[in-house]
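In our numbering, the protein residues as written are 538 to 884.
Glycine included, every Cβ here is placed at the ideal spot set by N, Cα and C.
Because the structure is a prediction, the values reported are computed rather than measured.
See structure below.
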Ligand code: GDP
Ligand code: ZN
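This is the structure in structure tokens:
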């Protein structure tokens with residue numbers, strides 16, 4: 538296994554320098570289970586566990602992360618000592634059972650926003666997935682699957698391009714092999730791609746077309762000693778011609794409200810219009826000197842796009858409010874704990 542073909546480069550090597558002296562080696566996280574990892578390393582695939590310090594800390598490795606490991610190649614195992622700084626990350630901010638933001642994928646270079654050109658086609662949804670992609674720091678590319686089911690592919694591509702600001706847009710029909718080579722050209726050796734998009738749009742079909750086999754089948758990993766079997770598959774899939782595709786359950790569950798600052802990149806036109814409004818806190822309703830209303834009136838801005846921007850903003854506000862409420866209740870608990878401890882000591 539060559540580190541370079543796994544995405545290792547000079548800047549990761551720089552980040553790794555502090556760990557070189559401790560007999561540690563670089564490795565990349567390929568699979569994440571609840572308590573166990575699989576990493577790719579110079580010694581091949583190793584099953585890995587976290588040091589106690591990492592286990593109890595906040596910064597758990599995610600699939601795609603580069604980590605510093607103490608390898609035990611004879612056992613096929615390693616211990617993960619540190620996570621190198623991430624170049625990009627997909628973060629799940631809220632799932633009702635969880636309190637902390639959770640990194641679901643790291644160091645993705647290309648984020649394929651996948652949408653189908655069938656009856657479920659919806660340019661607003663593409664806009665929102667693009668927001669997520671921008672937010673991660675990866676380079677977005679839109680893939681319009683099921684092109685074989687669409688009468689007028691060209692005008693769809695044009696429509697998506699008009700909301701996607703310099704993001705490449707490609708139609709594909711994976712079962713027929715159309716456009717798959719173009720998709721592959723974004724994932725040369727050393728590059729990592731991930732797929733974003735609703736269920737059923739054709740992400741698995743695309744991954745299988747890239748890999749060239751029905752590779753996303755299950756694979757068995759034997760649990761040491763206990764003789765228990767865990768079914769699992771790789772979540773960072775090496776492609777035959779180099780490059781990697783990251784495909785994890787967490788990535789598939791990413792919700793649209795995980796977008797935040799990405800909204801600015803995805804709605805550049807609206808953000809820059811809003812910056813021209815006379816009032817900095819313009820709500821774009823009836824304020825004088827509202828550039829957004831003016832653009833709506835003269836037809837340079839589409840009402841649907843404006844509404845989709847507003848809707849996304851409202852969702853983000855609601856989310857922020859929920860997080861505030863949680864923070865308030867945490868600090869209430871904290872104060873109560875403090876008050877209790879004070880009472881105890883005064884007795
Ligand atoms: P995922 O949930 O995003 O992984 O979607 P799948 O890859 O499982 O695909 C969902 C369905 O769409 C399957 O029945 C695929 O055969 C079908 N499908 C995927 N890509 C295409 C395509 O390009 N053209 C057509 N006609 N069907 C497709
Ligand atoms: Zn305004």
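Between the alpha carbons of residue 702 and residue 842 lies a distance of about 14 angstroms. Contiguous alpha helix (DSSP H) elements confined to the segment 649-695 occur at 660-673, taking only those with 4 or more residues.
Around the beta carbon of residue 590, fewer than 16 other beta carbons sit within 10 angstroms, so the residue counts as exposed. The alpha-carbon of residue 614 is positioned some 57 angstroms away from that of residue 817. Here the segment 599-617 makes no contact with the segment 697-717; the two share fewer than three CB pairs at distances below 8 angstroms.
Taking C-beta atoms as the reference points, residue 652 and residue 566 fail to come closer than 7 angstroms. Each of 544, 815, 658 was checked against the Cα of residue 828, and the nearest Cα belongs to 815. For residue 848, the CB stays at least 6 angstroms from every heavy atom of the ligand GDP. Beta-bridge analysis with DSSP links residue 781 to 729, 775. Assigned with DSSP and collapsed to three states, residue 553 falls in helix. With 5 angstroms as the limit, the residues whose C-beta approaches a heavy atom of the ligand ZN more closely than that are 814, 819, 821, 827, 829, in chain order. The nearest non-hydrogen atom of the ligand GDP is less than 6 angstroms from the C-beta of residue 712. Remark: C-beta atoms of residue 673 and residue 643 do not approach each other more closely than 7 angstroms. For residue 599, there is no enclosing alpha helix (DSSP H), as DSSP marks it with neither H nor E. Secondary structure at residue 843: helix, using DSSP grouped into helix, strand and coil.
Counted as a single uninterrupted DSSP element, the stretch harbouring residue 821 is not any alpha helix (DSSP H), since DSSP gives it neither H nor E. Under the criterion of beta carbons closer than 8 angstroms, residue 650 and residue 716 do not qualify as touching, at roughly 15 angstroms. Going by DSSP, residue 811 is part of the alpha helix (DSSP H) stretching over 805-812. Residues 654, 684, 708 of the same chain have their beta carbon placed closer than 7 angstroms to that of residue 690, with the five preceding and five following residues left out of the count.
Relative to the ligand GDP, the beta carbon of residue 602 is positioned no closer than 6 angstroms to any heavy atom. Distance from the C-beta of residue 738 to the nearest heavy atom of the ligand GDP is below 6 angstroms.
If you look at residue 747, you'll find it in the alpha helix (DSSP H) that goes 740-748. Here residue 726 is not near residue 572, since their CB atoms are 7 angstroms or more apart. Counting along the chain, residue 618 sits inside the beta strand (DSSP E) bounded by residues 614-620.
Taking 7 angstroms as the cut-off, the beta carbon of residue 711 is found no closer than this to the beta carbon of residue 675. Remark: the C-beta of residue 791 is outside contact range of the ligand GDP, defined as less than 6 angstroms to any heavy atom.
The C-alpha of residue 779 lies about 8 angstroms from the C-alpha of residue 724. Residue 579 carries a coil assignment under DSSP once its states are collapsed to helix, strand and coil.
Proximity of the beta carbon of residue 689 to the ligand GDP is not indicated: no heavy atom of the ligand is located closer than 6 angstroms. In the three-state reduction of the DSSP assignment, residue 852 falls in the helix class, which pools H, G and I.
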